[in-house]
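Numbering (my numbering), first residue to last: 685 to 733. The C-beta atom is built at its ideal place from N, Cα and C for all residues, glycine as well. Each remark here refers to the structure printed beneath this line.
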């Protein structure tokens, strides 16, 4: 993919692309083809109900 540094394309690497107001961060897991990358969410803190 043009414009993405090679280290992000390593099998299983994480490529951060966003965050929300609660401080959670969204990543793509870069295993396989870019169209198939799953989204991984890192939650800054646990959710209380």
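Quick check: the Cα distance between residue 706 and residue 730, rounded to an integer number of angstroms?
11 angstroms
Measure the CB-CB distance between residue 697 and residue 714 and report whether it falls below 8 angstroms.
yes
Between the Cα of residue 720 and those of 726, 712, 727, spot the shortest distance and give me the residue it belongs to.
Comparing Cα positions, the closest option is 712.
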